[in-house]
Structure formats: C-alpha cells, structure tokens
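In terms of my numbering, the sequence shown opens at residue -9 and continues consecutively. Below: one structure, written as structure tokens.
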Amino acid sequence: QVQLVESGGGLVQPGGSLRLSCVAPKTAGAIYGMAWYRQFPGEQRELVASIAGGGITNYADSVKGRFTITRNKAFNEVYLQMNSLKPEDTAMYYCKAVRAGPIELWGQGIQVTVSS
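Here it is as structure tokens:
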C-alpha cells in the first residue's frame, strides 16, 4: 500500500521554528495536490495548509503569516515551514497527497510539540 513518509517533527520552544517534510514514493504515480493536516487529541483532523498542482496555496486562519507550504513536484515532496510556533500548535501532523482517481494518500503522522 502506497504511503507517504513524513519527517521533521519534534519538540520546540514557543516562538521557535520547525520544518516538516513529506515525500510520496514514485510508485504513487502522478500527484495532483498535497496538503498538511493536524489533529488535536479527541478532535477531528483539520486542514493546516494545501498546495494545488498549479501552485495555489491555502491556509487555515490560525496559521496564516506563520506557516508556509511549498512543494517540489519533480520529487513528489511537500514541506511545511512553521515559524513563531505556539503551544496551541501542538498536534499530530499528517501529510496528504491526491493522485489520479482521485485517490487520497496519507502519511502515518508526525508529532509536533511546542512547549517550554
């Protein structure tokens, strides 16, 4: 089963930065859009940021101006640069890719903890 691979999470102090990375394997085929979601304990997964095939980006209001999503289409990679992190950004972060079908591919999730 095709699965995305995320990296870059961890523990950071408030005000700090982290960069998440996600790669879809070549076996995934052509990827259209990619996105990052996050999930707080006991809540549903929510969209953090997305980037369409043409490069148009979309952000949750809570992260606008602090997070930046970018993509390397040639290598099926997507990144999330997170600056000015707050304790309320603490969550499990998931990468999603959409391939032909449309079929959604997900990563297993990576923990981001913002704490002093």
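Virtual Cβ for every residue (Gly too), placed ideally from N, Cα, C. Keep in mind it's a predicted model, so treat the numbers as computed, not measured.
CA-to-CA distance, G99 to L1, given in whole angstroms:
15 Å
I'd like the span of the beta strand (DSSP E) that includes F57, first residue to last.
57 to 62
Boundaries of the beta strand (DSSP E) in which N48 is found, first to last residue
47 to 49
Quick test of your reading: E94 and C12, contact by CB under 8 Å. State the CB separation rounded to the nearest angstrom.
Going by Cβ atoms, the distance from E94 to C12 rounds to 13 Å, so no, they are not a contact pair.
Using a 10 Å radius around the Cβ and a threshold of 16 neighbouring Cβ atoms, would you call I21 buried or exposed?
Buried is the call here.
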